[in-house]
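Worksheet: the structure to be examined is printed underneath.
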Amino acid sequence: MNLSMNTKNIKIVLAFLGGLAASACTTDDTIENRKETSKKFEIELSVALQQPTDSKKSASRVVTSEDTKEGLKTEWKSGDQIKVAYYVDRTMKLVTMTAKEVKAQKALFKGNVETSMDAEAFKKSKLYAVNDSETDKITTEITTDNKLKVNVDFDGQDGSATNISKYNLLFAEGTADKTLEFKHQTSVLKLTFTTDKLNEKPTSIDELKFTYTAKESTINSLFADKATLIATDSKDVTYNGITFFKLSNLASKFANNKTTHYIAIPTNASLTGELAVQIKCNDHKTYRKTGKMTAKTFLGNKVMGKVYALKEENRVPNITDYLYSDGSWGPLVYDHSKVPVAVVFSNHTTESDRKKGFTHGYAIALKDARWPTPWATEIKDYPESPNIFEHPSAFASQTLMQNLEGYAINKALYDNHLKNKDAAIAHAIEYGTENWRYNFNEVCLVPAPQHTSGWFLPTMGQWYMLFTNLAELNPNKIRTKMGTDNKPTSFYWQFSSSEEKEKALKKFEEFFSWNQLYNNGILYQYYNERRIPYTGFYLPTANQIDWYLWAADEAKDGGQYGCAVKITPTTIEFTYIPKTNGSIENNGYAARAIIAF
């Protein structure tokens with residue numbers, strides 16, 4: 038009994054000791070695994086920046102010290118960050134690496150991965166790398182289908198040289214055993230403005246706005262709001278082209294009558310179109326320069342430079358100035374010798390209008406020419422007017438900005454077809470005359486000022502500029518509604534509620550109101566003295582009927598439809614409706630006149 042008891046005790050002790058040993062082994066393994074998990078494995082990568090093949094040609098950017106010969110110098114700086122995508126088996130991962138050793142265009146980047154398996158995979162994997170420091174306007178992610186996706190947000194540029202690095206997308210691919218060469222994926226415009234030829238010289242530029250209009254339909258544009266790079270076995274860079282662009286928060290001072298601004302833009306193999314630049318200086322004077330480009334190339338490793346010499350002849354009105362009866366323009370003031378006749382909504386005119394001497398802009402009359410009225414009383418496809426919904430351009434703003442020839446269309450249709458007809462174009466051209474005064478029971482005429490085009494009906498593009506400029510609606514945010522034939526049926530701005538639309542258009546309405554509460558009562562004073570007509574611009578609010586404003590364009594082949602602006606409580610829509618609408622209906626179908634000067 039005693040022996041057996043001792044034997045049993047020995048077995049129990051041995052089992053206990055064995056358990057301790059096994060437990061110790063398990064604990065040691067766990068500790069090793071935890072060490073593996075918690076340990077960061079360092080990786081490193083040698084990189085370089087693409088350099089121009091010809092030293093005389095302009096290089097571009099990253100840190101961006103300005104260089105008078107090369108435009109902008111490209112250099113790394115300590116602390117720059119890159120994101121590197123690599124594969125572990127078939128799964129793509131992303132690691133952030135930081136520049137530790139820098140020598141101008143070359144640098145050694147270091148980073149950490151989670152496991153030794155990651156570190157080994159990084160050394161052997163195909164790598165895809167982009168710059169992505171915290172201050173950059175660049176975002177990087179791995180998609181669910183194992184692709185590197187990089188977005189560049191071009192908004193918020195201030196024109197300074199140092200600001201370019203935030204938007205300057207660099208991309209490299211290769212393996213860790215070789216130096217990765219980063220190449221520029223964005224281009225840069227260098228615009229210099231001089232004031233030597235101005236009589237009174239401003240000290241700075243407050244605002245720069247740009248309009249690029251392609252000659253023909255294309256998805257490509259000089260400007261973009263966003264560019265996207267996708268990388269796997271191949272690299273693909275796309276961008277969302279826009280027509281309008283502006284620089285924000287400018288801090289540009291003229292030094293020796295010169296100031297320079299830089300703009301990051303997408304790369305393009307070939308662009309043909311017109312670039313218009315609006316320059317508003319700190320003395321409240323505005324200038325406009327317009328130029329053509331033909332098959333112009335914008336490469337990633339170049340800075341494209343242009344010098345604009347501001348001259349007195351380049352001066353244009355400010356948007357919201359008024360055109361007066363003597364042909365002058367300026368802010369709304371009371372004057373015994375002249376009266377306001379229209380509000381300036383654009384200081385850009387078409388090339389054909391400029392050749393006729395109308396270089397300052399377009400202005401809209403303070404009152405309707407007629408409502409209701411049909412576009413025309415007969416169904417006929419007029420060859421002088423473009424069918425813009427039959428042959429649209431690549432995107433909405435491009436379609437509208439390629440249709441600004443209101444004066445030419447009106448003149449041709451009026452002279453050849455619509456004179457003495459009950460038609461919107463005829464009524465617009467006859468705005469302010471005896472017939473108009475009789476129809477509206479007005480007490481005064483509104484003759485067109487000297488050296489102007491005379492009154493005419495705006496095109497869809499001119500209506501678009503009016504709401505963009507006077508109501509300050511974002512021109513790049515206009516949407517497109519497609520029909521079953523895969524052609525657009527309308528271009529529109531959408532508001533979340535009637536209250537939001539009313540708030541957005543409140544300032545717009547005030548330009549036409551004679552209410553004593555608006556405009557310091559100046560329009561009211563003119564009206565009260567019967568020197569101008571009863572002014573206004575109808576905009577429907579909640580629970581009110583839709584309102585239509587005719588445009589000079591035709592819409593579709595066959596001549597059945599005319600273009601119109603449809604205003605509802607929650608939308609402003611550029612669309613088309615039957616030409617004969619407005620013969621008996623009372624919800625608008627109005628003709629409103631504009632003038633080129």
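Residue numbering for the sequence shown follows the numbering used here, beginning at 38 and increasing consecutively. Backbone N, C-alpha and C define an ideal beta-carbon position, used for all residues, glycine too.
With respect to the 8 Å criterion, K375 and D363 are classified as neighbours on the basis of their beta carbons.
Secondary structure within the region 320-377: the beta strand (DSSP E) runs of 3 or more consecutive residues, fully enclosed, are 323-335, 340-346 and 359-361 (chain order).
The C-beta distance from G398 to T386 rounds to 6 Å, short enough to meet the 8 Å contact threshold.
By the neighbour-count criterion, in which 16 or more other beta carbons inside 10 Å mark a residue as buried, M154 falls on the exposed side. Under the DSSP assignment, S535 falls in the alpha helix (DSSP H) whose first and last residues are S535 to E547. Under the three-state reduction of DSSP output, N476 falls in the helix class. Bounds of any beta strand (DSSP E) do not take in Q597, whose DSSP letter is neither H nor E. In this chain, the alpha helix (DSSP H) harbouring D390 covers E388 to K392.
N188 is bridged by DSSP to T176 and T265. By the neighbour-count criterion, in which a residue is buried when 16 or more other Cβ atoms sit within 10 angstroms of its Cβ, Y475 is exposed. Under the three-state reduction of DSSP, D195 is assigned to coil, being neither helix nor strand. For E244, the enclosing beta strand (DSSP E) covers residues S241 to A251. Bounds of any beta strand (DSSP E) do not take in Q499; it lies within the alpha helix (DSSP H) bounded by M497 to L507. With a beta-carbon spacing of about 34 Å, G520 and F549 fall beyond the 8 Å limit used to define contacts. Taking the Cα positions, V167 is about 8 Å away from F219.
DSSP, reduced to helix, strand and coil, places N149 within a strand of the structure shown.
Counted as a single uninterrupted DSSP element, the alpha helix (DSSP H) harbouring K448 occupies residues G443 to L450. In the three-state DSSP reduction, F219 falls in the strand class (E or B). Taking all protein chains in view, the Cβ of S285 is surrounded by fewer than 16 other Cβ atoms within 10 Å, so the residue is classified as exposed.
Beyond the five residues adjoining it in sequence on each side, D273 comes within less than 8 Å, by CB distance, of L266 and I267 in the same chain, given in chain order. Per DSSP, the continuous beta strand (DSSP E) segment holding Q118 begins and ends at Q118 to V125. About 5 Å separates the CB atoms of W412 and W587; that is less than 8 Å, so the two are in contact. Under the DSSP assignment, L164 falls outside any alpha helix (DSSP H), being part of the beta strand (DSSP E) whose first and last residues are L164 to N168. In the DSSP assignment, the residues bridged to Q315 are K246 and R325.
Looking at the DSSP output, M129 shares a beta bridge with Y124. Excluding its 5 nearest sequence neighbours in each direction, Y124 has C-beta neighbours in its own chain below 6 Å: S162, listed in chain order. A distance below 8 Å separates the beta carbons of Y299 and V225.
Excluding residues up to 5 positions away in sequence, I356, F382 and S383 lie with their Cβ nearer than 7 Å to the Cβ of N506 in the same chain. Counting along the chain, Y563 sits inside the alpha helix (DSSP H) bounded by residues I559 to N565. Assigned with DSSP and collapsed to three states, P525 falls in strand.
Taking C-alpha positions only, E79 is separated from K147 by approximately 7 Å. If you ignore the 5 residues before and after L145, its C-beta comes within less than 7 Å of the C-beta of E81, S83, K137 and E138, all in its own chain and listed in chain order.
In this structure, S490 places its C-beta atom within 8 Å of the C-beta atom of A633. Per DSSP, S83 is one residue of the beta strand (DSSP E) stretching across F78 to L86. With contacts defined as CB atoms closer than 8 Å, F260 and F230 fail to qualify as a contacting pair. In this structure, the alpha-carbon of I416 lies about 8 Å from that of Y598.
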